[in-house]
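Notes follow the structure.
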Amino acid sequence: MPVSILAIETSCDETAAAVVEDGRTIRSNVVASQAEMHARYGGIFPEAASRQHIRTIDAVVREAISQAGTSLDRIDALAVTRGPGLPGSLVVGINYAKGLSLSTGLPLIAVNHLEGHVFSPWVGSPEREPVFPVVALIVSGGHTELVLMDGPLRYTRLGGTLDDAAGEAFDKVARLLGLGFPGGPAIQKAAEAGDPAAFDFPRARLEGSHDFSFSGLKTAVLRAVEALRDRSGTLPVSDLAASFQEAVVDILVKKTLSAAETVAARSVFVVGGVSANRPLRERFMAHSSLPVFIPPFALCTDNAAMIGGAAYPHFRGRRFASLDFDARPNWPLN
Ligand code: KG4
Ligand code: ZN
Numbered sequence: 030m031p032v033s034i035l036a037i038e039t040s041c042d043e044t045a046a047a048v049v050e051d052g053r054t055i056r057s058n059v060v061a062s063q064a065e066m067h068a069r070y071g072g073i074f075p076e077a078a079s080r081q082h083i084r085t086i087d088a089v090v091r092e093a094i095s096q097a098g099t100s101l102d103r104i105d106a107l108a109v110t111r112g113p114g115l116p117g118s119l120v121v122g123i124n125y126a127k128g129l130s131l132s133t134g135l136p137l138i139a140v141n142h143l144e145g146h147v148f149s150p151w152v153g154s155p156e157r158e159p160v161f162p163v164v165a166l167i168v169s170g171g172h173t174e175l176v177l178m179d180g181p182l183r184y185t186r187l188g189g190t191l192d193d194a195a196g197e198a199f200d201k202v203a204r205l206l207g208l209g210f211p212g213g214p215a216i217q218k219a220a221e222a223g224d225p226a227a228f229d230f231p232r233a234r235l236e237g238s239h240d241f242s243f244s245g246l247k248t249a250v251l252r253a254v255e256a257l258r259d260r261s262g263t264l265p266v267s268d269l270a271a272s273f274q275e276a277v278v279d280i281l282v283k284k285t286l287s288a289a290e291t292v293a294a295r296s297v298f299v300v301g302g303v304s305a306n307r308p309l310r311e312r313f314m315a316h317s318s319l320p321v322f323i324p325p326f327a328l329c330t331d332n333a334a335m336i337g338g339a340a341y342p343h344f345r346g347r348r349f350a351s352l353d354f355d356a357r358p359n360w361p362l363n
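Counting the sequence shown from 1 gives a position; the working numbering is that position plus 29.
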């Protein structure tokens, strides 16, 4: 009989639940996004996020069980994101999962959100098996990290952003260009009609390290916007979006592939919300001599299927949480 895990994810602005078998087969994957609500504020409003999780979590979990065609008595374990994420949002999922664990007697696994993203290429794609060592680029709204994996669950941090996460830069530049929230998809869309060479925005290469920096790029876009407004009053939004996106894609691909070469990696993972970016996916595929694993679009942004995938090896190792654990809003990967 396969091991069936019911996973819950509420670390940011998606209320999500999924049923995953043996860490690989997705039986259901329900995501209730709050993006529309936060768009009104121009970004994520943490208190509104946690209150919305409270309203939707029960319906989302029930829907995940129903879509999987299963019932709680056929589930083997529960999994929930413990961190990193917004404290008030994490607590909603954690408390719900604890309550369910108490009432059903099911064991509970506390999962690191970043480990969830790292497992996203495995979940739903059981036919492709990466060869270790793997270099993983975790690139999302809250994180931009390069991690070396010598084997499953064995991580060494190689580097990360010194300031903004790449997704955060997409969101801030989108706001500056009046493109709305979330910024990544909006920039990508606007960029389709633009020239990526129109503006030569700076790339922070930070030679000799595997770190990133996006604040200089963000400031350069701001300066360009201010100068253009002073001069003509109108903005070439598509060109600005395309040139900004080009700078981010260029630096992410170059630094990841150079890290992979330095540590003699044999596979590359690109995961997290920004890995949904089409030009980024295409550039990795075109430039990497190593096999590149990028999850399907639905598993790039936050979801619970990836949490169910990451929980499976912990289930096999019987690493269950006692019910007194708290959220870890800044939980590192290793
Ligand atoms: O992984 P995720 O859903 O949440 C975090 O863990 O942070 O990532 C969300 C981030 C947002 O910053 C969003 O703008 C970005 O991923 N994103 C994209 C695209 N889709 C989502 N960035 C660039 N291009 C996209 N197509
Ligand atoms: Zn995430």
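Each residue gets a CB set at the ideal place from its N, CA and C atoms; glycine is no exception.
Residues that DSSP places opposite residue i in a beta bridge
{"i": "R183", "result": "G180"}
{"i": "N141", "result": "G112"}
{"i": "G72", "result": "Answer is none; G72 lacks a bridge partner."}
{"i": "G189", "result": "E174"}
{"i": "L129", "result": "Looking at the DSSP assignment, L129 forms no beta bridge with any residue, so it has no partner."}
{"i": "I37", "result": "A46, V109"}
{"i": "N58", "result": "A47"}
{"i": "V164", "result": "L177, V297"}
Whole-angstrom C-beta distance between residue j and residue i, which should lie under 8 Å
{"i": "T185", "j": "N363", "result": "7 Å"}
{"i": "V436", "j": "V297", "result": "With the chain covering 30 to 363 only, the question about residue 436 has no answer from this structure."}
{"i": "T231", "j": "G213", "result": "Per the sequence presented here, residue 231 reads as Pro, with Thr not at that position. Rounded, the Cβ-Cβ distance is 20 Å, inconsistent with contact."}
{"i": "R288", "j": "L175", "result": "Note that residue 288 is Ala in the sequence shown here, rather than Arg. Rounded, the Cβ-Cβ distance is 5 Å, consistent with contact."}
{"i": "Q96", "j": "S57", "result": "4 Å"}
{"i": "P211", "j": "A46", "result": "21 Å between Cβ atoms; not a contact."}
{"i": "L119", "j": "T39", "result": "7 Å"}
{"i": "G301", "j": "H146", "result": "5 Å"}
{"i": "L101", "j": "A126", "result": "With a Cβ gap of about 13 Å, L101 and A126 do not count as contacting."}
{"i": "F313", "j": "V321", "result": "5 Å"}
{"i": "V121", "j": "S79", "result": "6 Å"}
{"i": "P271", "j": "A220", "result": "Here the sequence assigns Ala to residue 271, which means Pro is not the residue at that position. So it is a contact: roughly 4 Å between Cβ atoms."}
{"i": "G262", "j": "R53", "result": "At roughly 55 Å, the Cβ-Cβ gap does not stay under 8 Å, so G262 and R53 are not in contact."}
{"i": "M30", "j": "F148", "result": "Contact flag wrong, Cβ pair sits at about 22 Å."}
{"i": "P162", "j": "A294", "result": "5 Å"}
{"i": "L131", "j": "L352", "result": "7 Å"}
{"i": "L281", "j": "L177", "result": "Not quite, the Cβ-Cβ distance comes to about 17 Å (not below 8 Å), so this is no contact."}
{"i": "A194", "j": "G170", "result": "6 Å"}
{"i": "V49", "j": "E92", "result": "At roughly 15 Å, the Cβ-Cβ gap does not stay under 8 Å, so V49 and E92 are not in contact."}
{"i": "G188", "j": "D240", "result": "4 Å"}
{"i": "A333", "j": "I37", "result": "6 Å"}
{"i": "G117", "j": "P159", "result": "With a Cβ gap of about 35 Å, G117 and P159 do not count as contacting."}
{"i": "A315", "j": "S267", "result": "Not quite, the Cβ-Cβ distance comes to about 23 Å (not below 8 Å), so this is no contact."}
Ligand 2: which residues have Cβ under 5 Å from any of its heavy atoms, chain order? S169, D331
Residue ranges of each alpha helix (DSSP H) within the stretch 225 to 272, 4 or longer: 244 to 260
Please list the segments of the alpha helix (DSSP H) lying wholly inside the stretch 273 to 342, counting only runs of 4 or more residues, in order along the chain. 307 to 316
Is it a yes or a no for the stretch 308 to 317 touching the stretch 340 to 351, going by three-plus beta-carbon pairs under 8 Å? They do not touch, by the three-pair rule.
Any 3 or more C-beta pairs closer than 8 Å across the stretch 96 to 115 and the stretch 350 to 359: yes
Pairs of beta-carbons, one from the stretch 85 to 99 and one from the stretch 219 to 237, closer than 8 Å: are there three or more? no
Is there contact here, the stretch 145 to 156 with the stretch 255 to 262, by at least three beta-carbon pairs under 8 Å? no
How do the stretch 316 to 330 and the stretch 135 to 144 stand: do at least 3 beta-carbon pairs fall below 8 Å, yes or no? no
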